[in-house]
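Trainee: Take this structure first; my questions come after.
Protein chains: 4
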Amino acid sequence: MNMLISLRLAIVLLEAAERKALELGLSEDIAIVDEGGNLIAFHRMDNAKIAGIDIAQNKAWTSVAMQMPTSNLANAALPGGPSFGINTTNQGKIVILGGGIPLIFNNKVVGGVGVSGATSEQDIEVANAALLTFNKMTNAGSNSNPNK
Amino acid sequence: MNMLISLRLAIVLLEAAERKALELGLSEDIAIVDEGGNLIAFHRMDNAKIAGIDIAQNKAWTSVAMQMPTSNLANAALPGGPSFGINTTNQGKIVILGGGIPLIFNNKVVGGVGVSGATSEQDIEVANAALLTFNKMTNAGSNSNPNK
Amino acid sequence: MNMLISLRLAIVLLEAAERKALELGLSEDIAIVDEGGNLIAFHRMDNAKIAGIDIAQNKAWTSVAMQMPTSNLANAALPGGPSFGINTTNQGKIVILGGGIPLIFNNKVVGGVGVSGATSEQDIEVANAALLTFNKMTNAGSNSNPNK
Amino acid sequence: MNMLISLRLAIVLLEAAERKALELGLSEDIAIVDEGGNLIAFHRMDNAKIAGIDIAQNKAWTSVAMQMPTSNLANAALPGGPSFGINTTNQGKIVILGGGIPLIFNNKVVGGVGVSGATSEQDIEVANAALLTFNKMTNAGSNSNPNK
Chain D
3 MNMLISLRLA
13 IVLLEAAERK
23 ALELGLSEDI
33 AIVDEGGNLI
43 AFHRMDNAKI
53 AGIDIAQNKA
63 WTSVAMQMPT
73 SNLANAALPG
83 GPSFGINTTN
93 QGKIVILGGG
103 IPLIFNNKVV
113 GGVGVSGATS
123 EQDIEVANAA
133 LLTFNKMTNA
143 GSNSNPNK
Chain X
3 MNMLISLRLA
13 IVLLEAAERK
23 ALELGLSEDI
33 AIVDEGGNLI
43 AFHRMDNAKI
53 AGIDIAQNKA
63 WTSVAMQMPT
73 SNLANAALPG
83 GPSFGINTTN
93 QGKIVILGGG
103 IPLIFNNKVV
113 GGVGVSGATS
123 EQDIEVANAA
133 LLTFNKMTNA
143 GSNSNPNK
Chain C
3 MNMLISLRLA
13 IVLLEAAERK
23 ALELGLSEDI
33 AIVDEGGNLI
43 AFHRMDNAKI
53 AGIDIAQNKA
63 WTSVAMQMPT
73 SNLANAALPG
83 GPSFGINTTN
93 QGKIVILGGG
103 IPLIFNNKVV
113 GGVGVSGATS
123 EQDIEVANAA
133 LLTFNKMTNA
143 GSNSNPNK
Chain L
3 MNMLISLRLA
13 IVLLEAAERK
23 ALELGLSEDI
33 AIVDEGGNLI
43 AFHRMDNAKI
53 AGIDIAQNKA
63 WTSVAMQMPT
73 SNLANAALPG
83 GPSFGINTTN
93 QGKIVILGGG
103 IPLIFNNKVV
113 GGVGVSGATS
123 EQDIEVANAA
133 LLTFNKMTNA
143 GSNSNPNK
């Protein structure tokens, strides 16, 4: 069974991330993409960086397209590292800054969240709030559908 | 005095558009941009066309960048029309399909809404729901700030 | 002898165009490029269309790159016309809307002016003000250099 | 209250930068963008580098989009640094060379200046001349509008 992230669920995830951002005193750009890497929802919090509009979406895309958190690439893409040069592929869509995290259900990447606007550590913390909410809603029984 | 559209207001506008879309039995992609054409919020309704992700955002951008509803361009850009060829400028960001409408406050374009996913007529109707909500909230006194 | 348009001259041309625009009650985007099509100066008048930032520059570029006023292309690029499809070449830089005019000295294209923001007729009228000033300054003896 | 940079003010800032450049014996490309990152005015001084046309504009854009001087990124984007890889996001618009500085009014980024053509240190010095002029004009009372 394939799990599709509904707009309603995506909004719940965005809201979880926004609450965490507010808690940390941050203004963030936050994106949710689906299993094809296509954008479902995006919110730019008041005063969040304009540059983050693109970066948040592409962090989410990267987490799906590379099937890993973008923070992995922050290391792997260093000169001498195994993924050096990966950020110029895919017309520059691959982002090697932390803040993108894949959403996994039944061992399959079903979407991704991407956050941009603060430091990578902070972006990751905000993205993790969305991830946590996603896992909570999908852990209520492995067959339960969070899209209610 | 310049009015800035907050994320909260943008979400209210998206919701108004989504309600109208549901009413009409449509699945739409909906975007809100600010006065500089930068994306504030985007929602893709369940089953809405993936192609509409780009189109909705660029309809919103076009409505701000050209200071007019994109439906104006649908006619003006016909061969022999005054704007023939305008959709290849700006790296293809100008969309000449109806569904993008500027949001105006105190005679100034302060943002735009863009809808894509159905016919242009339907997209326009959905975008108009957002416009109506925006005007209602900003007509409550010419100096009242809808960003509450 | 090659005539190079100085920044000072470019600004004089921009000011001539801006005065005409003000006279006509228009807000315009205005660009001056050199003989290589490279931008020398650009001004966006208050409230001028954001879309015109790109269009004005590329109208100026087109007038140099095609060695003709862009209004020529408005006709030639119609379906069935001799230049149909030209606006998708050069990565979309060729603009087929009137408002771009080459600046000619000693029978050679030495630069171009591009105006965008109103109707093509109005853009052309504003561009012509710059052209007129350019011609006045360069007609004071065929060897006289307007860059003083 | 939001402050909008008029063309007149942008030109004053460009002239301040140009005077500094002349003083230092430099030929510079100088751009002023608004709060949305959109170009208001651009001047290329005689003999300034053609490559600087794009770089100056994108330094200005970056300073607004990232809400910081681009010189911050020169360090942060080094391999191993917190922003490594940021210059391949946003379709290459983010410039990690010094010379872009945000213009701040009432604690808000209302625009940016970008300078390119010499060394980064020199570009920064020229950009600072524009910043200084901006601050002088806006420090005349926190509510005073420099757009006269």
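Protein chains in written order, with this note's numbering: chain D, 3 to 150; chain X, 3 to 150; chain C, 3 to 150; chain L, 3 to 150.
Glycine residues also receive a C-beta, built at the ideal position from the N, C-alpha and C atoms.
1) Under a three-way DSSP split, which group does ASP48/D fall into?
2) Counting along the chain, where does the alpha helix (DSSP H) carrying LYS61/C start and finish?
3) By the 10 Å Cβ neighbour count, where 16 or more other Cβ atoms means buried, how is ASN109/L classified, buried or exposed?
4) Please confirm if ILE32/X has its CB atom under 8 Å from at least one CB of chain D.
5) Which runs of the beta strand (DSSP E) at least 3 residues long sit entirely within the region 66 to 129 of chain X? Give them in chain order.
6) Around the C-beta of GLU123/X, are 16 or more other C-beta atoms found within 10 angstroms, so that it is buried, or is it exposed?
7) Mind reading off the beta-carbon distance from THR135/C to LEU15/C? Whole number of angstroms is fine, and I expect it under 8 Å.
8) What do you get for GLY82/X, buried or exposed, if any count of 16 or more other CB atoms within 10 angstroms of its CB means buried?
9) Do GLY39/L and ILE52/D have their beta-carbon atoms positioned less than 8 Å apart in this structure?
10) For ASN130/C and TRP63/C, I'd like the C-alpha separation in whole angstroms.
11) Against chain D, with Cβ distances strictly below 8 Å, would ASN60/X count as a contact?
12) Could you tell me which chain A residues have their CB closer than 7 Å to the CB of GLU37/L, listed as they occur along the chain?
13) Is the beta carbon of GLN59/D less than 8 Å from the beta carbon of PRO104/D?
14) Measuring only the C-alpha atoms, how far is ALA120/L from ARG21/L?
15) Beta-carbon within less than 6 Å of ALA132/C's beta-carbon, same chain only, minus the 5 sequence neighbours each way: which residues are those?
16) Does DSSP classify GLY39/D as helix, strand or coil?
17) For ILE13/D, does the three-state DSSP call read helix, strand or coil?
18) Residues of the region 45 to 79 of chain D in Cβ contact with chain X at a cutoff of 7 Å, in chain order, please.
19) When the Cα atoms are used, what is the spatial distance from ILE1/C to THR140/L?
20) Does the Cβ-Cβ distance between ALA43/C and LEU9/C come in under 8 Å?
21) Quick check on ASN89/L: buried or exposed, where buried means 16 or more other Cβ atoms within 10 Å of its Cβ?
22) Using a threshold of 7 Å, is the CB atom of PRO84/C nearer than that to any non-hydrogen atom of the ligand GDP?
23) Let me check understanding here. Comparing Cα to Cα, which of PHE107/D, VAL111/D, ALA79/D and PRO84/D lies closest to ILE96/D?
24) Buried or exposed: PHE86/D, going by 16 or more other Cβ atoms within 10 Å of its Cβ?
25) Please tell me whether THR72/D and GLY101/D are closer than 8 Å, where the distance is taken between their beta carbons.
26) Tell me which residues share the same chain as ILE98/L and place their Cβ nearer than 6 Å to its Cβ, disregarding the 5 neighbours each side in the sequence.
27) Give the interface partners of GLY94/D over in chain L, defined as CB-CB distance under 9 Å, in chain order.
28) Just confirm the distance between the C-beta atoms of VAL112/D and ILE7/D, as a whole number of angstroms; I'd bet it's less than 8 Å.
29) Starting from the C-beta of ASP36/X, find all residues in its chain whose C-beta is less than 6 Å away, skip the five residues before and the five after it, and write them out in chain order.
30) Tell me which residues share the same chain as ASN92/C and place their Cβ nearer than 8 Å to its Cβ, disregarding the 5 neighbours each side in the sequence.
31) In terms of alpha-carbon separation, which member of MET47/C, SER118/C and ASP56/C lies closest to LEU24/C?
32) Can you give me the C-alpha to C-alpha distance between LEU28/C and ALA12/D, rounded to a whole angstrom?
33) Can you find the residues in the same chain that come closer than 6 Å, C-beta to C-beta, to LYS150/L, ignoring five residues on each side of it along the sequence?
34) Is LYS61/D buried or exposed, if buried means 16 or more other CB atoms sit within 10 Å of its CB?
Mentor: To lay it out plainly:
1) coil
2) 53 to 67
3) exposed
4) no
5) 102 to 107 and 110 to 118
6) exposed
7) 6 Å
8) exposed
9) yes
10) The alpha-carbon atoms of ASN130/C and TRP63/C are separated by roughly 16 Å.
11) no
12) No chain A appears in this structure, whose protein chains are D, X, C and L.
13) no
14) 15 Å
15) Non-local beta-carbon contacts of ALA132/C in its own chain, meaning distances under 6 Å to residues more than five positions away in sequence, involve LEU15, ALA18, ALA19 and VAL115 in chain order.
16) Correct three-state label for GLY39/D: coil.
17) helix
18) Answer set for the region 45 to 79 of chain D: HIS45, ARG46, MET47, ASP48, ILE52 and ILE55.
19) Residue 1/C is absent from the structure shown; chain C starts at 3 and stops at 150.
20) Cβ atoms of ALA43/C and LEU9/C: closer than 8 Å.
21) buried
22) What this structure holds is no ligand at all, so the ligand GDP is not there to describe.
23) Each of PHE107/D, VAL111/D, ALA79/D and PRO84/D was checked against the Cα of ILE96/D, and the nearest Cα belongs to ALA79/D.
24) With fewer than 16 other CB atoms across the displayed protein chains lying within 10 angstroms of its CB, PHE86/D is exposed.
25) yes
26) LEU75, ALA76, ALA79 and ASN89
27) THR90, THR91, ASN92, GLN93 and GLY94
28) The pair is a contact, with the Cβ atoms about 6 Å apart (cut-off 8 Å).
29) ILE7, ILE42 and GLY113
30) ALA67
31) MET47/C
32) Cα-Cα distance, rounded: 44 Å.
33) Because LYS150/L sits at a pLDDT of 45, beneath the cut-off of 50, its placement in the model cannot be relied upon, and the following sentence gives the value as read from the coordinates. None.
34) buried
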